[in-house]
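Here my numbering runs 279 ahead of the position in the sequence shown, where the first position is 1. We treat Cβ as the ideally placed atom computed from N, Cα and C, and that holds for glycine.
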Amino acid sequence: MFRILIIRHGETSWNKEKIFRGRVDVSLSDVGRQQAKLLARRLSGQRIRSIYTSPLKRAYDTALAIQEGQSGAADLPPIIQDDLLIDINYGAWEKKGHLQVQQEFPDLYQQWLEAPHTVHIPDGESLSSIRQRVETFLDQLIIQYEQYDQRDTAATIALVSHRVIIKILLCAILGLDNSHFWQIKQDTAGLSVVECQGSRFVLSSLNDTCHLAEVSEQMSKDDF
Numbered sequence: 280m281f282r283i284l285i286i287r288h289g290e291t292s293w294n295k296e297k298i299f300r301g302r303v304d305v306s307l308s309d310v311g312r313q314q315a316k317l318l319a320r321r322l323s324g325q326r327i328r329s330i331y332t333s334p335l336k337r338a339y340d341t342a343l344a345i346q347e348g349q350s351g352a353a354d355l356p357p358i359i360q361d362d363l364l365i366d367i368n369y370g371a372w373e374k375k376g377h378l379q380v381q382q383e384f385p386d387l388y389q390q391w392l393e394a395p396h397t398v399h400i401p402d403g404e405s406l407s408s409i410r411q412r413v414e415t416f417l418d419q420l421i422i423q424y425e426q427y428d429q430r431d432t433a434a435t436i437a438l439v440s441h442r443v444i445i446k447i448l449l450c451a452i453l454g455l456d457n458s459h460f461w462q463i464k465q466d467t468a469g470l471s472v473v474e475c476q477g478s479r480f481v482l483s484s485l486n487d488t489c490h491l492a493e494v495s496e497q498m499s500k501d502d503f
């Protein structure tokens, strides 16, 4: 058995402004950096074997804070950048606010809100494409970590990624199709915990944000 700590990166200014980020390499905001520190403090008592992260700065810098929080361990967990965890390619929507997208693509944007699993964003990516890559990532993890049993406290890994990726990852873990996308919420710096028992994944915690109480009033409350 091994555990996966599934973490969304800290907040950026574009989260607050509701701008589609995708592959744009936006940095953490001041609130996001504070979130990352609070998350790292929350996880400092756990022995994390490895930290997998999207290569984008907002995710990597969150992963770096988690690594620094493990300073009491004999060895710091390595940070492994994996393109399978990179954010959705929003294509023609990237760098645009949600109101602008709504004006330029009214029908498609409404479809995104009502049936996101049927949308392929122009010059971008679909949720089915994301599903393929997150399932590939999970398969690779099972192969790599299936040798660990319940007594191995080192078999805890952290995964830092993005809202859309984590929603689809959790759909895959729970055996849900992508139409359930909007039924899962993952706040910035929120923590979900999954246990892998053989080939079965068990969700034991979803979007835990209790460690963010100090900055909760400054955080965006929107699912964006």
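Report the residue ranges of all beta strand (DSSP E) runs contained in full by the segment 389–477; include only those spanning at least 3 residues, in chain order.
For the segment 389–477, the continuous beta strand (DSSP E) assignments of 3+ residues that do not extend past its boundaries occur at 435–440 and 470–476, in sequence order.
Candidates Val443, Gln476 and Pro401: which alpha carbon is nearest Ile422's?
Gln476
Pick helix, strand or coil for Ile367, following the three-state DSSP scheme.
coil
So, does the segment 311–322 touch the segment 341–351, judging by three or more C-beta pairs under 8 Å?
yes
For Lys500 and Asn486, I'd like the C-alpha separation in whole angstroms.
13 Å
So what's Ile283 in DSSP terms, helix, strand or just coil?
DSSP places Ile283 in strand when its eight states are reduced to three.
Kindly give me the distance between the Cβ atoms of His441 and Ser329, rounded to whole angstroms, as I take these residues to be in contact under 8 Å.
Rounded, the Cβ-Cβ distance is 19 Å, inconsistent with contact.
Between the segment 362–380 and the segment 291–305, do at least 3 Cβ pairs fall closer than 8 Å?
yes
Sort Leu307, Ser350 and Asp361 by Cα distance to Pro331 and report the nearest one.
Inspection of the sequence shows that residue 331 is occupied by Tyr rather than by Pro. Cα-wise, what sits closest to Tyr331 is Asp361.
Would you say Glu414 reaches chain C, if we count a Cβ-Cβ gap shorter than 8 Å as a contact?
Of the protein chains in this structure there is only one, and it is not chain C.
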